[in-house]
Amino acid sequence: MDCFITSYPYTCNPDDLILNQQQMRHMNWYASDVQVRGAYPAYAKRMWEDEGVELQMEP
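In short: position in the sequence shown from 1, add 6, done, that's this note's numbering.
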């Protein structure tokens, strides 16, 4: 089961739009991409690299 939380940017400022998109990715699509598509999204892997996280994945 998954819960999709809708959010909207504070203003039409491009910085607010990008921040909202990043928050939506983190809150909604991070886990559901694995369930729906069967793989972690590319942005998740970049996020792990930034945080120094290494996951050992097996086929």
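Quick reminder that beta carbons are idealized off the backbone N, C-alpha and C, glycines included.
- Message: Could you tell me the alpha carbon to alpha carbon distance between M33 and M63, rounded to whole angstroms?
- Response: 23 Å
- When V40, I11, V42, Q41 are compared against Q27, the one with the closest alpha-carbon: I11
- Nearest-angstrom Cβ-Cβ length linking P47 and D39, presumed shorter than 8 Å: 5 Å
- Cα-Cα, which of A50, G44, D22 is closest to P65? G44
- Just reading off the alpha helix (DSSP H) that R31 is part of, what are its end residues? Counting along the chain, R31 falls outside any alpha helix (DSSP H), and DSSP gives it neither H nor E.
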